[in-house]
Each structure stands twice: as structure tokens, then as C-alpha cells.
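Chemist: In order, the protein sequence lines correspond to chains A and B.
Every number in the working numbering is 10 more than the matching position in the first sequence, counting from 1.
Every number in the working numbering is 10 more than the matching position in the second sequence, counting from 1.
Glycine included, each C-beta is placed from N, C-alpha and C at the ideal position.
Nothing here was measured: the structure is a model prediction, and the numbers come from that model.
Have a look at this one before I ask anything.
Protein chains: 2
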Amino acid sequence: MTASPASPPRTPTPDPASVRHAVEHILDDFLATKARAADDAGLPGEIAEVLRGFVLSGGKRLRPVLCTLGWHAADAHTDTPPPPVLKAAASLELFHAFALVHDDLIDRSDTRRGRPTMHRTLAARHRLARGPAEAERLGTDTAILVGDLALAWSDELLHTAGLAPARLDAALAVVDRMRTEVMYGQYLDVAATGTPTDDVDAALRVAHYKTARYTIERPLHLGAALAPAPPPGLTEALTAYALPLGEAFQLRDDLLGVYGTPDLTGKSALEDLREGKATVLIALALRRAAPRGRAVLRSLLADPDLNEDGAATVRAVLDLTGAHRTVEDMIDTRRRDAVHAVESGPFTPPVAATLRDLADQATRRDI
Amino acid sequence: MTASPASPPRTPTPDPASVRHAVEHILDDFLATKARAADDAGLPGEIAEVLRGFVLSGGKRLRPVLCTLGWHAADAHTDTPPPPVLKAAASLELFHAFALVHDDLIDRSDTRRGRPTMHRTLAARHRLARGPAEAERLGTDTAILVGDLALAWSDELLHTAGLAPARLDAALAVVDRMRTEVMYGQYLDVAATGTPTDDVDAALRVAHYKTARYTIERPLHLGAALAPAPPPGLTEALTAYALPLGEAFQLRDDLLGVYGTPDLTGKSALEDLREGKATVLIALALRRAAPRGRAVLRSLLADPDLNEDGAATVRAVLDLTGAHRTVEDMIDTRRRDAVHAVESGPFTPPVAATLRDLADQATRRDI
Numbered sequence: 011m012t013a014s015p016a017s018p019p020r021t022p023t024p025d026p027a028s029v030r031h032a033v034e035h036i037l038d039d040f041l042a043t044k045a046r047a048a049d050d051a052g053l054p055g056e057i058a059e060v061l062r063g064f065v066l067s068g069g070k071r072l073r074p075v076l077c078t079l080g081w082h083a084a085d086a087h088t089d090t091p092p093p094p095v096l097k098a099a100a101s102l103e104l105f106h107a108f109a110l111v112h113d114d115l116i117d118r119s120d121t122r123r124g125r126p127t128m129h130r131t132l133a134a135r136h137r138l139a140r141g142p143a144e145a146e147r148l149g150t151d152t153a154i155l156v157g158d159l160a161l162a163w164s165d166e167l168l169h170t171a172g173l174a175p176a177r178l179d180a181a182l183a184v185v186d187r188m189r190t191e192v193m194y195g196q197y198l199d200v201a202a203t204g205t206p207t208d209d210v211d212a213a214l215r216v217a218h219y220k221t222a223r224y225t226i227e228r229p230l231h232l233g234a235a236l237a238p239a240p241p242p243g244l245t246e247a248l249t250a251y252a253l254p255l256g257e258a259f260q261l262r263d264d265l266l267g268v269y270g271t272p273d274l275t276g277k278s279a280l281e282d283l284r285e286g287k288a289t290v291l292i293a294l295a296l297r298r299a300a301p302r303g304r305a306v307l308r309s310l311l312a313d314p315d316l317n318e319d320g321a322a323t324v325r326a327v328l329d330l331t332g333a334h335r336t337v338e339d340m341i342d343t344r345r346r347d348a349v350h351a352v353e354s355g356p357f358t359p360p361v362a363a364t365l366r367d368l369a370d371q372a373t374r375r376d377i
Numbered sequence: 011m012t013a014s015p016a017s018p019p020r021t022p023t024p025d026p027a028s029v030r031h032a033v034e035h036i037l038d039d040f041l042a043t044k045a046r047a048a049d050d051a052g053l054p055g056e057i058a059e060v061l062r063g064f065v066l067s068g069g070k071r072l073r074p075v076l077c078t079l080g081w082h083a084a085d086a087h088t089d090t091p092p093p094p095v096l097k098a099a100a101s102l103e104l105f106h107a108f109a110l111v112h113d114d115l116i117d118r119s120d121t122r123r124g125r126p127t128m129h130r131t132l133a134a135r136h137r138l139a140r141g142p143a144e145a146e147r148l149g150t151d152t153a154i155l156v157g158d159l160a161l162a163w164s165d166e167l168l169h170t171a172g173l174a175p176a177r178l179d180a181a182l183a184v185v186d187r188m189r190t191e192v193m194y195g196q197y198l199d200v201a202a203t204g205t206p207t208d209d210v211d212a213a214l215r216v217a218h219y220k221t222a223r224y225t226i227e228r229p230l231h232l233g234a235a236l237a238p239a240p241p242p243g244l245t246e247a248l249t250a251y252a253l254p255l256g257e258a259f260q261l262r263d264d265l266l267g268v269y270g271t272p273d274l275t276g277k278s279a280l281e282d283l284r285e286g287k288a289t290v291l292i293a294l295a296l297r298r299a300a301p302r303g304r305a306v307l308r309s310l311l312a313d314p315d316l317n318e319d320g321a322a323t324v325r326a327v328l329d330l331t332g333a334h335r336t337v338e339d340m341i342d343t344r345r346r347d348a349v350h351a352v353e354s355g356p357f358t359p360p361v362a363a364t365l366r367d368l369a370d371q372a373t374r375r376d377i
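Structure below.
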């Protein structure tokens, strides 16, 4: 990677695959150390082990990749992200593990990434020693704690990343904001789930906080905050890219939640409907359907016993009202807005290319 | 407070009452600002409001007081804790609010400090708009999130306290340890609750992590870490004071859980027995009771329908086996060990006197 004296100056190219690899290694190492420290102290090392299994079982590492991209965008001359930047990026994955564990508890989800969710995994561990009801209760209670630890440890990984004091200070300010935003988004989501309405703006607000800011914007901002001298206007350019892309990403996720297959999404295509998730897709359909269609939707959505026939009926209404089509159009508009922001932002050509790639991947059907 | 040129040099005296006052003011201000910021952004300000109600509804502020005491012990010349130290101390109360909210959820407790617990408060808010079952579910789900926010905000209050980088670094190291310890302690507690055994050591281990380290030792260490040049041996002296005192504090709490009145404890004296809390008191009784007494205990403990008559029977076994008396003796031994550590530690007379007062208060019946 070192340039020979004769080489022309080169523009560093982001390498998402190597970031993913480095992040997995950091997480593996951090959690293995935690498990060993617990074992040595006579404490339950199983918590760190179970979290390690969860964190390393998949995931696209989108947030760490975005974080290092934000850093590349702010530091145009260094070739690869140094260890403190990679550790800060990895801390986002531990935070995300926290968010998923509590989210799955709240949604009573059984599967995540094609595997049992954390509270299910923990309940299964207790089933031999306790009765099924008691194992269930213990699974839920210990999953709250495992999530709490993941949150605390995400901080610890960030604090101990080896950042210079001024960089840590800037990073903490972004992370503080990110955490408050995602929890507010989740709160709005929880309060709306189970009673979907035709309020498209309310559904978009959840997507804004839970996804656009949390998943896309703040990871980019965190990365930018880790560089000593980001170019002027960078934060705003990242926001201009992130917010439409994040909404598009959530809209795609909403479609996949209804039209996807377990192979693609790692969960049943009945789950969102059974929970009664208040998505833009559903809000549009409720707004547009004739009274009869609306009544059909209201009777099927949030029914915990909804079967495949019922789901097919819901999908028919979503198609007939054009809600499905409109959401595809909304995704496309937003993807294009994001790409436009890349073109007008202060990005080097390799960073711009990677941002465009990510925008495509994040809004395609197969992510 | 400024000494006139003629005054002799004085040794600063800790003032717990003014620390409590300052901490309440900081918490009130921090959460009011959060609520306003949410309202301004069209986000649910009710979360910060409900947390503010919870945090300001009582509590002895033991951890912030200990934190400032640790600081006094490490900085013998400054008269009153400066604002960054008070803010760091206050951040412990927000962390404690997080711990209590999730703890009450896990224990399915209805009351805390004589008022409804967080999930009960939140369920009540939803009862008008939703049915009772749905309100219950929402209360639980949003209480998880409110706890999560309290944890994130405790960090934010610490990060933004205005500490010098080296002090913040030292503080974060203590806080990282404290959080891991209390969550492990809580995990051990959760795993043991419902099936109490005669394992006295296991019960003491929970007390060690959940109370001795979390409630007493780490707040003192945090305070010491906030001073630029703590005297040699201070950390160890604080530990020598904290660990026996913390165990004694937990043992007192266990006794109050069985023998206390709601007036004194803010909760029913049936709750710990109904949950089947695996305390030292219960472990001793199970170890010592004759087979018949043990059978009686096993049939009554962890019975969610236990009534006053059943509780009286449990208390009779605790008295007859001498478990009650032994726990009182254990408290006394530990209180004396703590006081002895004060006498042999590097403390100024006013700091030593305050540490002794706290040891008395924390182990007395009426705390």
C-alpha cells in the first residue's frame, strides 16, 4: 500500500469489504475478551458468548461501512482507516445489537437473520433447568440485560478506541444525538404499531428517526467527526445524501416485510402484518382504499392469527390502491435525490462512487 | 466561603445536603431541556417528562453523595465540588433511574418509592386510548425504551459535564467497569430469583456486584478519578470501606424486604417473598432449617399468591433458625470493618466523619 517515490499521488479508495472484515475481527476480539474476563472473575461468561454469537451471525455492517466512508470523505489523503476509526465504526455494530435485541423483545419476534432472536435463544438455554413458562420469563428478562450490556459495551469500545481527546469529544456528541434519535423513533414506532392509520407523515417521521438518521446519517457524521479537519460543507452534504437514502431504505424494508420471502429477509412475510406495523405503505393504502377495502385492511392488520390467505388479501388491496406502486416511486425519487447529493457534494471520485454503490444496494430488492 | 487573609487554613467539610440539592437541580434542568428539545422537534417530550417525574420523586442520592465524597477524599484542598464534579455525580442518578426502570420491569414490581413503577405509570397513560391488555403491553415496551434513554442520557450528562480530557478518560474507565458489574450482578440475581437455594456464597456474590461495587465502591472511585492528583493508596482505602459496607447495606435491604413496612420501604413486605428473591437471609434459613421447616419455606417462597399469614410463617422460620439474628450480626461486623477502614485510610477528619455517618445511616433499620 505504500507509494514508491515514482508513483503519482493517488486518491485513496474506500474498501467496504476490508472494513467489514476488520469490524468482525474487532467485535470477535472484544467480546471474546469480555467472556474470558467474566469467566476469570467467576461471573457468567455466557452473556458475552451469546452476544458474540448474535453479533457475528450476519448483518451487512452497513453502519460501520458508512462510518468509515464518512471518515474517508473528511480525510482525503490517508489510505486506510486507522485502528481507532475502525474500532469506533465497530462500536456502532454493538450499539445496533443492543437496538435489535430490545426491538425483537418489543416486537415479540421469534427470528432475526434467519436465527432465533436473543430472547428465544436465552429461553432455550433455560428450558432444560426450568419449566417452559419460567424459561420464557427468564429469556425475556435476561434479554433486557444482554441488550443493556451491549449498549454499555458499545460505549466502552468507543471510549477505548484510542481516539485523540478532541476526536472522542466530537464522536460522543454525534453518538449522543444518534442514540436519542433512534430511541425516539422506536418509541413513536411502538406507540403506532398495532393501530395503523392513514397518517403517511407520521409513518415517514418514524422512518426519518429510526432509519434515515440512525442508520445512514449519524454513522456518516460519526466518521466525519473522527477526522481532524473535515472540509467545509461536508456535514451538510452527508445529510443531503443520508436523509433521502435512509427513507428509501426504510420504504424498501417495509415492502420486503410484506412481499419478501424468509430467504431474503430472515423472517416471515406475515410478521409485519400480524404486528400491525404502521408503515407508509399501509398508511397510503388506508388513505386510498374504498370503505370496503379499508374495512378489509382493518380486519386483517394486527391480527396475530393472520394466515397466508389473509396476507394475500392485504397484498391485493395494497396493489389495487396503487400503494405498492407509489412506494416504489417514492424509493426511486429518494434514491435519485441521494445520488444527486453525491454529485454536488465535496467528495473525491472514489468516495462518490462508493456512496452511489451503497445507495443502489440499500434501495434494491435484494438487500 | 472565601477565607479572609487572617483566617487559619481550613479543611473543607463535605456537605451531603447541598450535594443532594445541587444534584436535583442538575437533573431537573437536564431533563427539562430534553423535554423542550423534543417538543420543539415534534418528538414525544413525554418521555423526558415522565423520567423527570421519576427521578425527582425521591431517592437518597446516595451514589452522588458518595461520588463527591470520593472527590473530597482525593482533593483535600478545594472547598466545594465544582460543577463538572456535581454533574458527573448527578449522572449516576440517571444511570440508577435506568437500572431501577429495567429492574422493576424484570421483577414485575408495581410500586417504587411508594409510587407506581415506570411501566405501571406508562401503562396508565395509555389506558384511556387503548384497552387494558394493550395498555399493559405498551407500558412494558415503552418502559424498556425509557430505561434505555435514561442510560444513554446518563452518559450524555457525564460527557458534557465539562471535565478535562484526562479526567473524563479516568471517569469513563470507572463507569465502564461499574456498568458491567451491576449488569452481571443483576443477571445473577435474575437467574437465581424464583428458586432460592441454601447457597449463601452465591447470594453474597450478587450483593457484592449489585450493591457493594455498584452502589458504594464505584461512586467513590468515580469521585476520586475526578480529582487531578489523588493521594497514593486512596483507591484501595475506598474499596476497603466500600465492600463490607455495601454488603451490609444489601443485607439490611434484604431484612427490610421481609420485615419492613411499606411506609419505610415504599413497597409491600410480601414482594421479595412472592418473587422468591435468593437472599443471604433465605439461604441461611434453608441451610439451617430442619426438613419440615425447609419444606414449609419451599412451599411458601416464590408463591405469587402468598398472603400475610404465609409471610408470618416464613418470618417465624427465619427467626427460629437464627437466620434473622445471623444477618444482623453480619451487618454489624461489616459496618465495623467499614469504619475501621475509614480510621486507617488517608482521609481528612471531616471526610472520615462523613464516611462514618454514611456507614451508620446505610446499615440502620430506618434507611
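How would you list, in chain order, the residues of chain A whose beta-carbon sits under 8 Å from the beta-carbon of Q196 of chain B?
Modeler: Going along chain A in sequence order, the residues near Q196 of chain B (Cβ under 8 Å) are L155.
Chemist: Quick check on the DSSP output: what are the complete alpha helix (DSSP H) runs of length 4 or more inside the segment 251 to 324 of chain A, in order along the chain?
Modeler: The segment 251 to 324 of chain A contains these whole alpha helix (DSSP H) runs: 272 to 275, 281 to 285, 290 to 298 and 301 to 310.
Chemist: In angstroms with no decimal places, state the Cα-to-Cα distance between L399 of chain B and G80 of chain B.
Modeler: Nothing about residue 399 of chain B can be reported from this structure: the residues present for chain B run from 11 to 377 only.
Chemist: What does DSSP give as the partner residue(s) for P126 of chain B in the beta ladder?
Modeler: Its beta-bridge partners are B:T121.
Chemist: In whole angstroms, give me the CA-to-CA distance for H129 of chain A and V290 of chain A.
Modeler: Spanning the two alpha carbons is a distance of roughly 29 Å.
Chemist: Using the C-alpha atoms, what's the distance from A235 of chain B back to P54 of chain A?
Modeler: Answer to the nearest angstrom: the Cα atoms are 28 Å apart.
Chemist: 8 Å is my cut-off, CB to CB: does M128 of chain B come that close to chain A?
Modeler: Chain A contact via Cβ: absent.
Chemist: Evaluate contact between the segment 175 to 185 of chain A and the segment 202 to 213 of chain B, counting only Cβ atoms and requiring at least three cross-stretch pairs below 8 Å.
Modeler: Flag = no, the segment 175 to 185 of chain A and the segment 202 to 213 of chain B do not touch.
Chemist: Cβ of A58 of chain B within 8 Å of Cβ of L41 of chain B?
Modeler: The answer is yes: Cβ separation under 8 Å.
Chemist: Identify which residue in A:R140, A:R308 and A:L110 has its Cα closest to the Cα of V192 of chain A.
Modeler: Of the listed residues, the one whose Cα sits closest to V192 of chain A is A:L110.
Chemist: Distance check for L365 of chain B and A13 of chain B, CA to CA, integer angstroms please.
Modeler: In this prediction, A13 of chain B has a pLDDT of 46, which is less than 50 and means its spatial position is unreliable; nothing more can be read from the coordinates.
Chemist: Measuring CA to CA, which of B:H106, B:L104, B:F108 and B:C77 is closest to V95 of chain B?
Modeler: Selected option, being the one with the closest Cα: B:C77.
Chemist: With a CB to CB cut of under 8 Å and the five nearest residues on each side skipped, what residues in its chain are close to P126 of chain A?
Modeler: Contacts found: D120 and A134.
Chemist: Mind checking P254 of chain B: buried by the 16 CB within 10 Å criterion, or exposed?
Modeler: Burial call: buried.
Chemist: Please state the DSSP three-state secondary structure of T203 of chain A.
Modeler: If DSSP states are grouped into helix, strand and coil, T203 of chain A belongs with coil.
Chemist: Can you check whether the C-beta of P152 of chain B is within less than 8 Å of a C-beta belonging to chain A?
Modeler: Residue 152 of chain B is actually Thr in this sequence, not Pro. Output row for T152 of chain B: interface = yes.
Chemist: Taking the alpha helix (DSSP H) that I226 of chain B belongs to, which residues open and close that run?
Modeler: Taken as a continuous stretch (DSSP letters only), I226 of chain B belongs to no alpha helix (DSSP H), as it is neither H nor E.
Chemist: Please list, in chain order, all residues of the same chain as F64 of chain A whose beta carbon is under 7 Å from its beta carbon, the five residues on each side excluded.
Modeler: Once the five neighbours on either side are set aside, the close Cβ partners of F64 of chain A are A107 and M128.
Chemist: I want to verify the contact list: residues of chain B whose CB lies under 7 Å from the CB of I116 of chain A, in sequence order.
Modeler: Neighbours of I116 of chain A on chain B, chain order: D151 and I154.
Chemist: Look at Y197 of chain B and L155 of chain A and say whether their C-beta atoms are less than 8 Å apart.
Modeler: Going by C-beta atoms, Y197 of chain B is nearer than 8 Å to L155 of chain A.
Chemist: Is it buried or exposed, R46 of chain B, if we count other Cβ atoms within 10 angstroms and call 16 or more buried?
Modeler: R46 of chain B is exposed by the Cβ-count criterion.
Chemist: Please report the distance separating the alpha-carbon of D165 of chain B from that of L167 of chain A.
Modeler: The alpha-carbon atoms of D165 of chain B and L167 of chain A are separated by roughly 14 Å.
Chemist: Taking 8 Å as the threshold (beta carbon to beta carbon), is H169 of chain A in contact with chain B?
Modeler: Judged by the 8 Å Cβ criterion, H169 of chain A is in contact with chain B.
Chemist: Could you check whether the Cβ of G204 of chain A sits closer than 8 Å to any Cβ belonging to chain B?
Modeler: Yes, G204 of chain A lies at the interface with chain B (some Cβ there is under 8 Å from its Cβ).
Chemist: Tell me where the alpha helix (DSSP H) around G157 of chain A begins and ends.
Modeler: G157 of chain A -> alpha helix (DSSP H) spans P142 to H169.
Chemist: Is DSSP giving D347 of chain B helix, strand or coil here?
Modeler: Three-state result, D347 of chain B: helix.
Chemist: Report the neighbours of V95 of chain A on chain B: residues whose CB is nearer than 9 Å to its CB, in chain order.
Modeler: Those do not exist, as V95 of chain A stays about 18 Å from chain B at its closest Cβ, beyond 9 Å.
Chemist: Less than 8 Å between the C-beta atoms of L310 of chain A and T323 of chain A, yes or no?
Modeler: Yes, Cβ-Cβ distance for L310 of chain A and T323 of chain A is below 8 Å.
Chemist: Whole angstroms is fine: what's the gap from H169 of chain A's alpha carbon to A321 of chain B's?
Modeler: Using only the alpha carbons, I get a separation of about 48 Å.
Chemist: Give me the chain B residues within the contact set of H9 of chain A, using Cβ-Cβ distance strictly less than 7 Å, ordered along the chain.
Modeler: Because chain A in this structure spans residues 11 to 377, residue 9 of chain A falls outside the shown range and cannot be described.
Chemist: Helix, strand or coil: which one does DSSP assign to K97 of chain A?
Modeler: If DSSP states are grouped into helix, strand and coil, K97 of chain A belongs with the helices.
Chemist: With H, G and I counted as helix, E and B as strand and the rest as coil, what does DSSP make of D25 of chain A?
Modeler: It is coil, neither helix nor strand.
Chemist: Short check: CB of P91 of chain A to CB of L244 of chain A, under 8 Å?
Modeler: Result no, Cβ atoms of P91 of chain A and L244 of chain A do not sit closer than 8 Å.
Chemist: Are there 16 or more other CB atoms within 10 angstroms of the CB of E227 of chain B, so buried, or fewer, so exposed?
Modeler: Its Cβ being crowded by 16 or more others within 10 Å, E227 of chain B is buried.
Chemist: Between which two residues does the alpha helix (DSSP H) harbouring P54 of chain A extend?
Modeler: No alpha helix (DSSP H) contains P54 of chain A, which DSSP labels as neither H nor E.
Chemist: Establish whether the CB of T131 of chain A and some CB of chain B are separated by less than 8 Å.
Modeler: So no, T131 of chain A is outside the interface.
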